[in-house]
Amino acid sequence: MFEIEIFKKKGFKNSHGEHVLSDIFELAIKDITKVEYSPLYLIDGDINLSEAKMTAVELLSDKITESYAVRRYSDLNSKTVNLQMLSASVIEVCYKKGVTDTVVESVMKAVKDLGIDKDIKVRAARKYYLFGTVSKTVLNIIATKLLANTLVQEYKIK
Amino acid sequence: MKSTTNCKIIEILNLSDEQLAELSRKNVLSLSLAEMKAVLDYFKKLKRNPTDVEMETIAQTWSEHCKHKTLTGIIEYTEEEESGKKTKRTYNNLLKETIFKATVELNKEWCLSVFEDNAGVIDFDSKNGVAFKVETHNHPSALEPYGGSATGIGGVIRDILGVGLGAKPLANTDVFCFGDPNTKASKVPEGMHHPKRIAKGVVSGVRDYGNRMGIPTVNGAVCFDEGYMANPLVYCGTMGIIPKNKIEKKVNSGDLILVAGGRTGRDGIHGATFSSVELDTESDVSAVQIGNPIVEKKVLDTMLKARDLNLYRAVTDCGAGGLSSAIGELGEKTGAVVYLDKVPLKYDGLYPWEIWISEAQERMVFAVPPENKKKIVEIFKKENVEAVFVGEFTNDGKLILVYNGDVVTSMDMSFLHGGIPKPTRPAVCKTKEEKVQKPVKMNSSEILEVLKASLADLNVCSKEWIIRQYDHEVQGQTIIKPLQGNSIEVSGPGDAAVVLPYTVVKGTKKGVVLSNGLNPQYGKINTYKMAASAIEESLRNAVAVGADIEKISVLDNFCWGDPNKPEILGSLVRAANACYDMSKAFGVPFISGKDSLNNEYSIGGKKYSIPPALLISAMGVIENVANTVTMPLKNKGNKIFVLGITRNEFGGSVLAKIKNIKTGVVPDVYPEESKVLMKKIYQAINKNFVESCHDCSEGGIAIAISEMAFASGKGVNINIDAVEVEIKNPLTVAEILFSESNGRFIVEVKPENEATFMEILNGSVFAEVGYVSDETKIVFESKKTKIMVQEQLEVLLNAWQNTIDW
Amino acid sequence: MKKIKVLILRTAGTNCDYETQAAFELCGAVVDCVHINTLIERKDKIFEYDILAFPGGFSYGDDIASGKILANEVKNKLGDEVREIALSGKPIIGICNGFQVLVKMGLLPDPKLFEQISTLSYNDSDKFECRWVYLKTEKKVKNESSCIWTKNLPDIISLPIAHGEGKFIPGDKKLLDILNKNNQIVFRYSAKDGSDPGYPLAPNGSVEQIAGICNTKGNVFGLMPHPERYVFALQHPAKEGFDGKYGCGRIIFQNAVNFVKWS
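Residue numbers (our numbering), protein chains in the order written: chain F, 142 to 299; chain R, 41 to 846; chain C, 272 to 534.
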């Protein structure tokens with residue numbers, strides 16, 4: 142299983158992150174100074190590393206504005222790729238099992254179009270890096286009041 | 041029939057009344073005791089217990105959402121005046137005796153299909169009809185605003201795909217009622233979303249679904265009121281065009297049942313019954329669904345091809361109640377056998393009853409003659425739409441469901457569709473005399489403050505933030521747009537939208553006008569006047585752009601509280617009566633409608649009901665779209681007229697809210713005046729004697745004229761003393777400016793057309809009140825009272841635009 | 272006389288096909304809207320057409336990124352054919368989602384290279400917006416561009432836009448210089464008088480207000496605004512048009528049809 146994370150390259154506007162930041166302000170939470178947003182894809186199945194990389198390059202990231210990280214799921218805890226993100230709190234949001242996620246269906250189709258004709262399972266998540274010193278309670282508020290609807294989505298705080 | 045691992049026999053034959061009621065409650069069947077007893081009687085005759093599939097089928101078919109049993113049930117209505125005088129009336133079927141009755145009596149030959157299909161259809165031209173349907177999706181939107189509203193719009197689009205043999209959607213409408221977005225977070229009940237989060241989520245849901253479907257959202261309205269905090273209202277409408285020879289469905293015995301589109305999952309199980317159950321903080325999770333617009337778009341693309349090749353005889357959408365409702369409806373007259381194991385599933389593990397009632401989105405059901413079997417599947421397959429035959433229509437009038445070779449349901453269609461006992465409900469309405477408020481006296485600067493506050497009021501202010509997120513121009517046919525200006529930059533609020541379906545009907549000049557009327561503030565005081573006002577407002581809006589009232593039809597959407605409370609049901613009866621009266625008086629037929637009842641929610645054990653809301657959506661046909669007008673002023677030197685009488689009517693008005701006035705008369709409707717006036721306006725616009733026209737509603741003359749001015753960047757000079765007012769209850773200057781009397785329009789006319797215009801209007805009440813100036817400010821002046829209100833357009837525009845800028 | 276044949280490529284989520292078809296038909300062309308599955312089955316069919324159009328919409332829901340999935344699909348399954356057509360000089364247009372597809376498969380700005388060297392990214396406002404904008408045409412700025420689609424247009428035109436990802440970003444400064452030098456930037460967002468606009472007339476934050484570009488040869492053209500939504504004066508918010516009847520969008524389609532007719 143691979144986890145593919147997409148980052149905005151330096152110098153390009155992370156407009157969604159800025160939007161989320163202003164929404165956080167509206168919740169009367171003033172301690173977050175910056176938000177970075179990264180789409181996240183989990184791909185399970187018998188694909189190999191080069192196929193996962195190809196998917197990241199050709200499909201999931203934009204060649205001009207984005208970079209990516211491909212991680213084997215087993216490595217996830219040992220390697221942290223993006224050092225500049227270390228100081229941030231992370232909230233990951235994805236749909237609960239059984240809830241329609243249109244992105245997932247599209248990714249499965251598009252991976253086949255790349256010529257990777259293998260049975261895969263995909264999950265898509267939204268990863269938010271929040272910079273600033275805030276408590277877990279506040280992160281929970283941001284997650285539940287803004288980023289996730291726990292009726293259909295689940296979230297993780299890291 | 042026997043219990044299997046997949047299908048349980050439900051023991052009911054020996055249950056007591058209490059046990060029956062408990063069974064209904066425990067299994068979320070939402071069936072009343074009388075209904076449970078009818079079920080019991082039926083199965084006593086069959087000498088067996090029902091299966092879980094059968095119980096669920098009955099619950100779905102008899103749900104409020106599918107059967108509208110309150111409005112079609114027996115209502116014993118009492119109207120009680122303050123004097124104690126009581127008038128009683130029994131309705132055996134409220135809908136048939138009010139709304140539908142008006143349509144029957146009006147008997148318009150251009151009504152092609154009314155109250156029988158998924159949408160109402162009227163005549164467009166010699167070859168085509170236009171269909172319109174408006175639905176609500178309230179409870180799901182409260183819990184999951186994004187997914188709830190998206191499936192709301194997705195569902196009403198499928199209604200249009202499922203009318204006749206399928207119409208091509210041309211436009212969407214959306215009307216929302218939300219709680220106050222400025223509510224303090226601490227005031228939001230536990231487990232509920234903040235009103236602003238709901239509003240944003242709902243708008244995003246409609247945006248993403250509507251835009252991806254390629255259907256422009258062209259008309260709408262938003263009402264904010266704290267009464268909708270935990271129970272927002274989300275109305276979604278779709279209009280489509282359909283060839284006249286495709287309006288009729290016919291199901292023959294032997295036709296195959298084809299399910300096309302999305303797969304079936306556990307989505308929305310109990311959605312139909314759920315939508316009739318009060319909201320509480322522990323609502324059922326699986327009732328909420330997320331849609332996939334691209335799947336629906338593929339179905340739309342392919343099914344219209346199959347339609348034009350005459351490959352099927354009937355179609356309907358899977359909405360509330362899923363396959364159960366869809367196949368139940370199509371097979372009502374014939375009977376049907378369905379092999380549930382053939383239905384394509386999203387994932388394993390669904391029980392037969394879940395497959396049968398799942399409300400998974402984006403599915404359509406077709407009746408296909410066997411000889412077209414191959415051809416139709418090929419069309420779907422070519423564009424990657426899954427389409428599977430799951431059974432056939434029979435001739436024995438029975439509904440037979442089979443799962444892995446076991447019969448899990450065997451019931452008579454006649455029982456399913458006709459066996460529901462009619463409930464009798466008491467309804468009471470205590471009428472109150474409305475009193476004129478103490479005269480509202482204000483000096484010039486106070487009037488200006490109220491003007492700015494009114495423009496900034498949530499219910500008046502610009503909804504541009506919402507409108508721009510919708511692609512309101514896709515298909516290229518939106519001739520009169522929701523935001524209007526004389527250049528592409530400034531945007532004022534249009535009254536109605538006009539769609540020219542030139543890509544479907546080549547060379548046509550005809551257009552479809554869409555508008556709406558809604559004012560729950562009036563309903564808090566008087567639901568009769570609320571309904572009457574909503575109807576008139578929808579008509580005024582359409583007439584203001586150039587529609588002919590002789591060719592307008594309307595739709596009703598009731599959103600009300602708990603009908604088991606006599607006063608709540610009584611207020612609904614009153615509104616329904618207004619619908620009948622106005623429909624008859626204006627000569628405007630209802631062609632379709634929908635109700636959503638039980639819009640109540642409990643917080644901490646206490647129950648709250650929403651302010652009743654009746655949305656009236658109007659659709660009309662315009663002969664030549666070139667003869668339409670927008671609302672921004674056009675040229676300096678042009679004359680400005682106020683048409684209609686200004687009365688002392690402030691009940692539920694914006695002024696009453698701003699000034700906290702508790703008394704006041706709710707605006708009434710005078711159809712005999714209004715209808716004549718509307719016909720004359722149509723004549724004047726159609727002959728190009730009108731430069732701009734704007735409906736006068738929330739906030740009154742002052743707001744309407746200000747909007748026309750800042751939308752164009754052109755100033756006005758208005759003489760308030762010239763406005764025609766009623767003599768019975770004299771008005772102060774402020775009252776003239778802010779009264780919300782119905783039946784009024786603001787019209788701009790070129791000096792050279794003035795005489796002809798006045799000739800056309802002869803016999804109606806109207807007054808020339810001023811002119812378009814060459815300054816960039818508005819001036820309202822009353823020489824009599826030495827009041828002069830003036831302000832720069834930019835200041836007013838900012839007041840109007842800055843409220844909702846999220 | 273020879274009928275000009277236009278191919279409009281459809282797929283799941285295409286939704287501006289009807290009006291694009293109507294626009295070409297208005298200019299005298301014969302139009303087929305063909306689903307990509309059909310075309311992949313019979314690739315040679317694509318050469319029967321004189322003009323190729325990638326219409327607006329939300330191909331595959333614009334999941335992942337706008338136009339990305341369709342761009343990959345076209346490139347992997349019809350890449351050789353589409354490139355050949357582009358290099359042969361036949362007119363190709365990509366509107367809105369179609370522009371995103373052309374850019375992301377690399378047919379623009381350089382079909383010879385056929386690699387993605389620029390992109391269309393999220394609007395600075397982070398939201399989908401539908402509004403009318405002014406566009407400054409290239410000749411207003413410099414000498415007339417070689418673009419066959421944009422000839423005979425006034426200096427400033429107005430068209431509607433409707434997109435969430437329309438911010439044009441060239442891969443590097445060098446590319447931007449080349450685009451400028453070759454007059455490939457045929458449309459820029461502008462104020463009414465041609466001056467630099469602020470938001471919202473600059474709707475998405477595009478580099479140098481770029482709204483539409485073409486290849487050096489001028490036959491491949493992509494733009495975010497929707498010319499097919501302004502072929503009649505009636506479609507304009509203030510009902511403005513040429514000769515009181517037509518919208519300037521029509522000129523764009525007519526240019527391509529005339530180009531084929533006279534070449």
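Quick reminder that beta carbons are idealized off the backbone N, C-alpha and C, glycines included.
Source: prediction; values computed, not measured.
- For R/K754, same chain residues with a beta-carbon under 6 Å away, outside a window of 5 residues either side, are L673 and V812 in chain order.
- Taking R/F429 as reference, the option from R/N793, R/V299 and R/D602 with the minimal CA-CA separation is R/V299.
- Exclusion of the five residues before and after R/Y117 leaves R129, A467 and V613 as the residues of its chain whose Cβ lies within less than 6 Å of its Cβ.
- The C-beta of R/V196 comes no closer than 8 Å to any C-beta of chain C.
- Within the DSSP bridge table, the entry for R/M671 names no partner.
- Beta-bridge annotation (DSSP): F/E207 is paired with F/K149.
- The alpha helix (DSSP H) runs of length 4 or more contained entirely in the stretch 64 to 105 of chain R are, from start to end of the chain, 73 to 86 and 92 to 101.
- Residue state for R/H177 is assigned as coil, using DSSP reduced to three classes.
- Using a CB distance cut-off of 8 Å, R/P185 does not count as an interface residue toward chain C.
- Chain R places a beta carbon closer than 8 Å to that of C/F329, counting this residue as a contact.
- For C/A283, the nearest CB of chain R lies under 8 Å from its own CB, placing it at the interface with that chain.
- Note on C/R313: under 16 other CB atoms within 10 angstroms of its CB, so exposed under the neighbour-count rule.
- In summary, R/I592 is buried, with 16 or more beta-carbon neighbours lying within 10 Å of its beta-carbon over all protein chains present.
- Shown here, R/N639 sits in coil according to DSSP, grouped into three states, outside any helix or strand.
- At a cut-off of 8 Å, the C-beta of R/R306 has a neighbouring C-beta in chain F.
- Within the same chain, Cβ atoms closer than 7 Å to the Cβ of R/G677 are found at P791, Y811 and V812, the five residues on either side in sequence being excluded.
- Under the Cβ criterion of 8 Å, C/S337 is not counted among the residues facing chain F.
- Within the stretch 377 to 394 of chain C, Q387, I388, S389, T390, S392, Y393 and N394 place their CB atoms closer than 8 Å to a CB of chain F, listed in sequence order.
- At least one CB atom of chain C sits nearer than 8 Å to the CB of R/S527.
- Following the DSSP letters along the chain, one finds F/P180 inside the beta strand (DSSP E) bounded by residues K175 to G186.
- If you compare the alpha carbons of R/V144, R/L579 and R/T278 with that of R/C736, the shortest gap goes to R/L579.
- By the neighbour-count criterion, in which a residue is buried when 16 or more other Cβ atoms sit within 10 angstroms of its Cβ, C/K361 is buried.
- In summary, R/E831 is buried, with 16 or more beta-carbon neighbours lying within 10 Å of its beta-carbon over all protein chains present.
- With contacts defined as CB atoms closer than 8 Å, F/G239 and R/Y387 qualify as a contacting pair.
- In the three-state DSSP reduction, R/Y391 falls in the coil class, being neither helix nor strand.
- Against chain F, the beta carbon of C/G332 has neighbours under 7 Å at T243 and S247, listed in chain order.
- The residues C298, in chain order, have a CB closer than 6 Å to that of C/Q525 in the same chain once the five nearest residues on each side in sequence are set aside.
- For the set R/A78, R/G124, R/T843 and R/E689, the Cα lying nearest the Cα of R/K472 is the one of R/G124.
- Distance from R/I519 to C/L505 at the Cβ level is roughly 5 Å; contact confirmed, criterion being Cβ atoms closer than 8 Å.
- The Cβ neighbour count for F/K237, taken over all protein chains shown within 10 Å, is under 16; the residue is labelled exposed.
- Among the residues facing chain R, F/V161 is not included, as its CB has no counterpart in that chain under 8 Å away.
- Under DSSP, F/I257 takes part in no beta bridge, so it has no partner.
- When secondary structure is reduced to three states using DSSP, C/F399 falls in the coil class, being assigned neither helix nor strand.
- Counting only the Cα atoms, C/P471 lies some 10 Å from C/S461.
- Nearest neighbour of F/F166 by Cα position, chosen from F/K297, F/S191, F/Y296 and F/G273, turns out to be F/G273.
- Counting only residues of its own chain and dropping the five nearest sequence neighbours on each side, R/T44 has a CB closer than 7 Å to the CB of D446.
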